[in-house]
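Those protein sequences? They're chains H and S, same order as listed.
Using my numbering, the letters of the first sequence map in sequence onto residues 6 to 167.
Using my numbering, the letters of the second sequence map in sequence onto residues 6 to 167.
Down below is the structure, laid out as structure tokens.
There are 2 protein chains.
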Amino acid sequence: MGRSGVARGNAAEAAIAQGGVELDLQRYFPYQLARLAEQVSLAVAEVYSERFALTRQEWRVLAILGMRPEIATKEIGPLTTLDKMQVSRAVQGLESRGIVGRKHHPDDRRELIVSLTPAGRALYRKIVPLALARESKLLEALTADEVAALDRVMGKLSAALA
Amino acid sequence: MGRSGVARGNAAEAAIAQGGVELDLQRYFPYQLARLAEQVSLAVAEVYSERFALTRQEWRVLAILGMRPEIATKEIGPLTTLDKMQVSRAVQGLESRGIVGRKHHPDDRRELIVSLTPAGRALYRKIVPLALARESKLLEALTADEVAALDRVMGKLSAALA
DNA sequence: CGAAATTCGTATCAGATGTTACTATTATCT
DNA sequence: AGATAATAGTAACATCTGATACGAATTTCG
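Structure follows, in structure tokens:
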């Protein structure tokens, strides 16, 4: 029988010869995923960051507000995967630039209700088509079947982790 | 004819009635991907962070060193997707704990050559099986075909972005 | 050869981020 | 009701991170 390690690279073989297991970072799924997510994040950030000076957190809050005319601050976290401090800072940033307004909930004065200002809504209308176009451009690299498969598998993985 | 927006949710319909396009963050691919990557990153960080007090950057450098007995610092960045400052700090952190050693390149004293110490190699041998097991556990949620498809599609997307 | 430019790695400082603790308000429990 | 606990949001502090600039070593080019 042939010696072991025939199908592996030299480094792997060397590691195994030393009695160890080895890990190829380039083929390690968590690393691949982190790298891809970083690339995509950078590509998308061009849309909201460079042209509109929004942070990623502010952009997420803005996206949520586009669908919900009014929303309690405490609801934003779960919807955007931001912690409450990140939400607080993002909303403050948006408010300081006149993109959102805040008021107290009438029945619970601890809560703040956030909504887009007219300027905020105008910004939203400008930015969303660009963001959607960027998404389309990214996914153009794939066939429709591949996009569907990716979507399904990512959902499955995400659900398994939750 | 029915009015438009029949197949959409109320929020979408409301946005469209206002003449705007809308974006559902939960279904926006870049957000889904970022969220999944974050979940996976946290799951994997349990392995190296909690038990061995390594940062993500240090873990990546360690992973590279497991395959390359010696490596120039300047090569680490491209292999790990870290910038030179992150590499510098990660290597310093590893050195301060006796996990790696450094020496000058004999023919170019600007460069530093990094290698695992015996303690570093022992750590590597302990940690890699755990990291691989964690990867397997994550991917258990998928069928073999799904894993293959995911790998292929991620590679395709990543290549298109590079 | 010797000045200028380039490369490698790091110090330094500014800004971003996470953690803890606090204030204000409301809910709960006796 | 009144004390106690819980919740929403933020301030304050410590830490992490990124950008710039620098010193040391080497290379390039006049």
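Think of the CB as a built atom: it goes at the ideal place given N, C-alpha and C, for glycine as much as any other residue.
**Message:** Taking 7 Å as the threshold (beta carbon to beta carbon), is residue 165/S in contact with chain H?
**Reply:** The residue you call residue 165/S lines up with position 160 of the second sequence. Yes, residue 165/S lies at the interface with chain H (some Cβ there is under 7 Å from its Cβ).
Could you give the C-beta distance for residue 69/H and residue 85/H, rounded to a whole number, given that I count them as a contact under 8 Å?
Here residue 69/H refers to the residue found at position 64 when the first sequence is read from its first residue. Here residue 85/H refers to the residue found at position 80 when the first sequence is read from its first residue. Correct: roughly 6 Å between the Cβ atoms.
Kindly indicate if chain H contains any beta-carbon less than 7 Å away from that of residue 90/S.
Locating residue 90/S in the second sequence gives position 85, counting from the first residue. Answer no: the Cβ-Cβ gap between residue 90/S and chain H never drops below 7 Å.
Whole-angstrom C-beta distance between residue 34/S and residue 151/H, which should lie under 8 Å:
Along the first sequence, read from residue 1 onward, the residue named residue 151/H stands at position 146. Along the second sequence, read from residue 1 onward, the residue named residue 34/S stands at position 29. About 12 Å; that fails the 8 Å criterion.
Any heavy atom of the ligand MG closer than 6 Å to the beta-carbon of residue 122/H?
Summarising the ligand content, the structure contains no ligands, and the ligand MG is consequently not present.
(message) Less than 7 Å between the C-beta atoms of residue 95/H and residue 55/H, yes or no?
(response) Residue numbering aside, residue 95/H sits at position 90 when the first sequence is read from its first letter. Residue numbering aside, residue 55/H sits at position 50 when the first sequence is read from its first letter. Not in contact: residue 95/H and residue 55/H (Cβ atoms no closer than 7 Å).
- Message: Bridge partners for residue 118/H per DSSP, in chain order?
- Response: As a working note, residue 118/H is residue 113 in the first sequence. DSSP, once it has assigned bridges, lists 77/H, 108/H as partnering residue 118/H.
Do residue 143/S and residue 52/S come within 7 Å of each other at the CB atom, strictly closer than that value?
To locate residue 52/S, count along the second sequence from 1; it is residue 47. To locate residue 143/S, count along the second sequence from 1; it is residue 138. Against a cut-off of 7 Å, the Cβ pair of residue 143/S and residue 52/S comes out as no contact.
**Report entry** Residue environment, residue 47/S, which counts as buried when at least 16 other CB atoms sit within 10 Å
**Finding:** Along the second sequence, read from residue 1 onward, the residue named residue 47/S stands at position 42. Looking at its Cβ environment, which holds fewer than 16 other Cβ atoms inside 10 Å, residue 47/S is exposed.
Item to check | Neighbourhood of residue 167/S by C-beta distance below 8 Å, restricted to the same chain and skipping five residues each side | outcome: Taking the second sequence and counting its residues from 1, the one referred to as residue 167/S is at position 162. Here the set comprises nothing.
Item to check | Near-chain H residues of the region 32–47 of chain S - C-beta to any C-beta below 8 Å | outcome: 33, 34, 35, 36, 37, 38, 39, 40, 41, 42, 43, 44, 45, 46
Item checked: Proximity test, Cβ basis, 7 Å: residue 151/S and chain H -> For this step, residue 151/S is matched to residue 146 along the second sequence. Chain H, which has a Cβ nearer than 7 Å to the Cβ of residue 151/S, makes this yes.
- Sort 50/S, 57/S, 127/S by Cα distance to residue 98/S and report the nearest one. Position 93 of the second sequence, counted from the first residue, corresponds to residue 98/S. Looking at the Cα atoms, 57/S is the closest of the given residues.
Three-way DSSP call (helix, strand, coil) for residue 150/S in this model
Within the second sequence, the letter at position 145 stands for residue 150/S. Residue state, collapsed to three classes: helix.
Contacting residues, own chain, Cβ-Cβ under 8 Å from residue 118/S (five flanking each side not counted)
Position 113 of the second sequence, counted from the first residue, corresponds to residue 118/S. If we look at residue 118/S and ignore the five residues flanking it on each side, its Cβ neighbours are 75, 76, 77, 78, 107, 108, 109, 110.
Discussion item. By the three-class DSSP mapping on this structure, what secondary structure does residue 88/S have?
Written reply: Counting from one through the second sequence, the residue named residue 88/S turns up at place 83. Coil, per DSSP.
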